[in-house]
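Residue numbers (UniProt numbering): 1 to 762. For glycine and all other residues, C-beta sits at the position ideal for the given N, C-alpha and C.
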Amino acid sequence: MSGNNEFSYIGKSVTPVDAWEKATGRAMFVTDLKLPGMLYGKILRSPHAHARIVKIDTSKAQALKGVKAVVTFADTPQIKFGPMASNEDWYIFAKDKVRFIGEEVAAVAAIDEETAEAALDLIDVTYEILPSVFDLEEAMNSGAPLINEDWQKNIASEAHIEQGDIDTGFAESDLIIEETFSTSQVYQAYMEAMAVIVRPEKEKGLTMWLPIQVPNKARLIYAKALGISSEDIRVIKPFIGGAFGAKFEANLHLACAILAEKTKHPVKIVNTRYEDFIAGNPRVPMRYWIKMGFKKDGKITAKHMRIIAGNGARTVYGPAIMSTACIRIDSLYNFENVKADGFAVYTNTIPTGCFRGFGNSQSIFVLESVMDMAAEKLGITPEGIRKLNVIPSNYVNVHGWKIGTCGLVETVDKAVEAMKNRANEDVKPGKYRGIGLACTNHVSGNRGFFPTFDGSASLVRIGEDGKIILYHGECDMGQGQDTAFAQIAAEALGAKLADLRVASIDTQISPFGLGSYATRGTTVGGMGVIAGAKAAQKNLFQAAAAMLGVSSDELVARESIIYLRNQPEKRLTFSEVAKTYVFEHGGASIIGNGYYITDTVPPDPKTKYGNISPAYVFGTHIAEVEIDAETGHVDVVNYWAAHDVGRVINPTLLAGQVEGGVSMGLGWTLMEDMLTREGQILNAGFLDYRIPGSKDVPRVQSMWVEPVEPNGPFGAKGIGEPALNPVPAAIANAIYNAIGVRFKELPITPEKILRALKEKEK
Numbered sequence: 001m002s003g004n005n006e007f008s009y010i011g012k013s014v015t016p017v018d019a020w021e022k023a024t025g026r027a028m029f030v031t032d033l034k035l036p037g038m039l040y041g042k043i044l045r046s047p048h049a050h051a052r053i054v055k056i057d058t059s060k061a062q063a064l065k066g067v068k069a070v071v072t073f074a075d076t077p078q079i080k081f082g083p084m085a086s087n088e089d090w091y092i093f094a095k096d097k098v099r100f101i102g103e104e105v106a107a108v109a110a111i112d113e114e115t116a117e118a119a120l121d122l123i124d125v126t127y128e129i130l131p132s133v134f135d136l137e138e139a140m141n142s143g144a145p146l147i148n149e150d151w152q153k154n155i156a157s158e159a160h161i162e163q164g165d166i167d168t169g170f171a172e173s174d175l176i177i178e179e180t181f182s183t184s185q186v187y188q189a190y191m192e193a194m195a196v197i198v199r200p201e202k203e204k205g206l207t208m209w210l211p212i213q214v215p216n217k218a219r220l221i222y223a224k225a226l227g228i229s230s231e232d233i234r235v236i237k238p239f240i241g242g243a244f245g246a247k248f249e250a251n252l253h254l255a256c257a258i259l260a261e262k263t264k265h266p267v268k269i270v271n272t273r274y275e276d277f278i279a280g281n282p283r284v285p286m287r288y289w290i291k292m293g294f295k296k297d298g299k300i301t302a303k304h305m306r307i308i309a310g311n312g313a314r315t316v317y318g319p320a321i322m323s324t325a326c327i328r329i330d331s332l333y334n335f336e337n338v339k340a341d342g343f344a345v346y347t348n349t350i351p352t353g354c355f356r357g358f359g360n361s362q363s364i365f366v367l368e369s370v371m372d373m374a375a376e377k378l379g380i381t382p383e384g385i386r387k388l389n390v391i392p393s394n395y396v397n398v399h400g401w402k403i404g405t406c407g408l409v410e411t412v413d414k415a416v417e418a419m420k421n422r423a424n425e426d427v428k429p430g431k432y433r434g435i436g437l438a439c440t441n442h443v444s445g446n447r448g449f450f451p452t453f454d455g456s457a458s459l460v461r462i463g464e465d466g467k468i469i470l471y472h473g474e475c476d477m478g479q480g481q482d483t484a485f486a487q488i489a490a491e492a493l494g495a496k497l498a499d500l501r502v503a504s505i506d507t508q509i510s511p512f513g514l515g516s517y518a519t520r521g522t523t524v525g526g527m528g529v530i531a532g533a534k535a536a537q538k539n540l541f542q543a544a545a546a547m548l549g550v551s552s553d554e555l556v557a558r559e560s561i562i563y564l565r566n567q568p569e570k571r572l573t574f575s576e577v578a579k580t581y582v583f584e585h586g587g588a589s590i591i592g593n594g595y596y597i598t599d600t601v602p603p604d605p606k607t608k609y610g611n612i613s614p615a616y617v618f619g620t621h622i623a624e625v626e627i628d629a630e631t632g633h634v635d636v637v638n639y640w641a642a643h644d645v646g647r648v649i650n651p652t653l654l655a656g657q658v659e660g661g662v663s664m665g666l667g668w669t670l671m672e673d674m675l676t677r678e679g680q681i682l683n684a685g686f687l688d689y690r691i692p693g694s695k696d697v698p699r700v701q702s703m704w705v706e707p708v709e710p711n712g713p714f715g716a717k718g719i720g721e722p723a724l725n726p727v728p729a730a731i732a733n734a735i736y737n738a739i740g741v742r743f744k745e746l747p748i749t750p751e752k753i754l755r756a757l758k759e760k761e762k
């Protein structure tokens, strides 16, 4: 339906609303900003994985010319906090001990970065080295060094979820597959390193320039950490140079706030890329044991998983990601009997957090590998076993999730058809070719992530010149969210897209929004945009009706012109109506304030039964690989991606999300791994940490299935995370198809492939 004439802007590829600013260099990122009297901050980080802090001497650093402040734990409110209320194990600076290499110990504010850096070298910290633990299963053992004494064990969280009867399910199985898998810890590799500016205000409070995905959620967390009201924290979101889940709450922001309060000056801190690697929040590494049962025809009878997730030394979102990994895949197929036991485990390593997929991507790799294994053993095609187990639309899954529309079968058929239509190529000597398929599901919202509600709001203001400003509280981090919102608002309001501007988030002005995560932006945020636009249109039509002497029910609008439905020659422009309204109402603008609350059910804390999303997303990817028998190098030569996205809002933005997701997934599958030794990251920089280049990424053929989703704006669903989820399994399945070796550990490097080929030859 994309590109049809039913709509003015929905389904169209329009120029991004921020294209001019980005193309001309006028887009302002934190690194571009400089405030009057601004100082520069640097953070002293722990060189040890686990050590007692015996003494901190800052006198030499404080005496250095140009240094304005040196702060430690003693200079903070000393309040324990954290992104998850269930696991508040953060302090702004290390209290009595450090728990990982990179933990914040002290910070300096100085007249320039060089002076601040020099001052760090003058801070003398005396440490008493403590025993460390790095392996997940060793950390779970009794007697392992305790990382957070408040927990009395190194298990940050555990989940035990069961629905149906797995014993009966396995007893009825004709085939049982039992395997282990593991996924690696990877860095989000965004272009802009983490950064912040904090300005103390004259009366009270702080203004923070934060490139962050969740401005309002961060305000609440930071208010607790600083011992102030959230209303005393104003967050302004500048342009963001990518995030992919990493740019949530960070101690970097709070260290900057403490320095700003201490100096009474604005302070800027920008991470080096090395700091970003050692003190960011990379993807949660996971170890899996999975057991699945199947009937002879391929129908799934039961699934049991045990997951151990690397939480790192303090809790970011590890427990939530672990529990997501336990259950989210259960809406991909018609599971009736499932059990999952999950553990988020503390180790003396970098804390892990959100990364595109939020645990579902790890589990999709495992599940879709097992589905291919079962298909082979049962003599069924990969697409056949998946279509046999697909869930229907208007279905409630085993965990209570209400699936409105499901176009999974259609995505399988589209991807397979496109793959079969490819040009046949002869396999070159010394090369292997293979094709692999994998499916995915995901949410378009997450009712359990923010405990109070899931929804969105917008405010639409029509000025006296007829120009429109859209205020929202969600977050464009480079994915084109503001462009999609502009299209949705213009369509709902009946306005010219050129007349509409999307305001950047400023929590002093913008509605309270939950932010960008869980592939919720277009679906949940877009519904809030429609609500605000419709509220503004109602007020606009009432004003126009009074001018025309008709009922507002008789009016329609298109391209910023209001006219009678049955007498289109009788019309007024937005500017004519707005100008009259403003002058007749003492300068008041026409405003629409609207909100949307999802029809979801918070998951039960123990069973996880509920309905967490207003809409669910599905897709199918197929990869074709070529493997060099001499080097083990894997070249992904063709890639097909078909997604059920509901109604397409912007085809170009969709294709960009899919291409980016495939690129990120390819890197995770074939090359990316944060290598560590004794808690030290060995490849903390792009010189040693390889990500895909343009020559590594194939042309991606993107296709859409558009079942109109009743809970999405104009029928749309999301795309951000599902674009990555199936990539590792699709490539791994293609590698197996090429060389007959099943890889169950990511990444699948050339060294591993060569080793496997040699083993196979024996």
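Between ILE161, ARG328 and THR381, which has its C-alpha nearest ASP297's C-alpha? THR381
Kindly indicate which three-state DSSP category HIS253 falls into: helix, strand or coil? helix
Tell me which residues share the same chain as GLU759 and place their Cβ nearer than 7 Å to its Cβ, disregarding the 5 neighbours each side in the sequence. none
According to DSSP, what are the bridge partners of PHE618? ASN441 and ASP644, per the DSSP bridge assignment.
Which residues in the same chain as GLN62 place their Cβ atom closer than 7 Å to its Cβ, once the five residues preceding and following it in sequence are excluded? VAL70
Residues near residue 795 by beta carbon distance below 8 Å, same chain, minus five either side: Because the chain in this structure spans residues 1 to 762, residue 795 falls outside the shown range and cannot be described.
Determine the direct distance from the alpha carbon of LYS339 to that of GLU162, and round the result to whole angstroms. Distance from the CA of GLU162 to the CA of LYS339, rounded to the nearest whole angstrom, comes to 4 Å.
Nearest residue (CA-CA) to ASP454, options TYR595, TYR317 and THR749: TYR595
Does the pairing of the region 191-206 with the region 384-399 give three or more beta-carbon distances under 8 Å? no
Within this structure, are the beta carbons of PRO83 and PHE248 separated by less than 8 Å? Cβ atoms of PRO83 and PHE248: closer than 8 Å.
By alpha-carbon positions, which one of VAL125, CYS406, ASP499 and LEU540 ends up nearest to LYS97? Minimum Cα distance to LYS97 is reached at VAL125.
Rounded C-alpha distance that separates GLY342 from ASP673: The alpha-carbon separation between GLY342 and ASP673 amounts to approximately 23 Å.
Determine the direct distance from the alpha carbon of SER369 to that of ALA223, and round the result to whole angstroms. Note on geometry: alpha-carbon atoms of ALA223 and SER369 lie some 44 Å from one another.
From the DSSP output, in three-state form, read off ALA588 for me. coil
Let's see if you can read the secondary structure: which residues bound the alpha helix (DSSP H) around SER323? 318-327 is the span of the alpha helix (DSSP H), which, as asked, contains SER323.
Start-to-end residues for the beta strand (DSSP E) that takes in ALA107: 104-110 is the span of the beta strand (DSSP E), which, as asked, contains ALA107.
Rounded straight-line distance, which links the Cα of SER510 to that of ASN593: 11 Å
Considering only residues of the region 705-740, which uninterrupted beta strand (DSSP E) runs meet the minimum length of 3 residues and lie entirely inside it, listed in chain order? Whole beta strand (DSSP E) segments, 3+ residues: zero.
In chain order, what residues of the same chain lie with their CB nearer than 8 Å to the CB of ILE155, ignoring the 5 residues before and after it? Only MET140, PHE343, ALA344, VAL345 and TYR346 meet the Cβ criterion.
Does GLY693 come out as helix, strand or coil in the three-state DSSP assignment? Coil.
Would you mind stating whether residue 789 and ALA144 have Cβ atoms separated by less than 8 Å? A query on residue 789 cannot be resolved here, the shown segment of the chain reaching from 1 to 762 and no further.
Close beta carbons around ALA94, own chain, < 7 Å, minus the five adjacent residues each side: SER46, ILE53, PHE73, GLU103, GLU104 and VAL105
Output the distance between the C-alpha atoms of GLY434 and GLY632, rounded to the nearest integer angstrom. 14 Å
Environment of SER331 [buried if 16+ CB atoms lie within 10 Å]: buried
Measure the C-alpha to C-alpha separation of LYS262 and PHE583 and round it to an integer number of angstroms. Take the alpha-carbon of LYS262 and the one of PHE583: they are about 48 Å apart.
Residue ranges of each alpha helix (DSSP H) run of no fewer than 4 residues wholly in the region 233-298, ordered along the chain? 251-263 and 273-279
Expected contact under 8 Å - CB spacing of SER516 and GLN188 to nearest Å: Their Cβ separation, rounded to whole angstroms, is 14 Å, which puts SER516 and GLN188 out of contact at 8 Å.
Delimiting residues of the alpha helix (DSSP H) encompassing ALA62: The question names Ala, yet the displayed sequence has Gln at residue 62. Its alpha helix (DSSP H) spans residues 59-63.
Give the DSSP-derived three-state secondary structure of SER331 in the structure shown. The answer is helix: DSSP assigns SER331 an H, G or I state.
In whole angstroms, what is the alpha-carbon distance linking VAL634 and HIS621? 17 Å
DSSP state of GLY660, grouped into three classes? helix
Alpha carbon to alpha carbon, what distance is there between GLN362 and PHE743? 14 Å
So which of SER182, ASP75 and THR324 has the shortest CA-CA distance to HIS442? THR324
Is the beta carbon of ILE469 less than 8 Å from the beta carbon of ILE590? no
Which residues bound the beta strand (DSSP E) around PHE343? 338-346
So, is VAL396 buried or exposed, given that buried needs 16 or more other C-beta atoms within 10 angstroms? exposed
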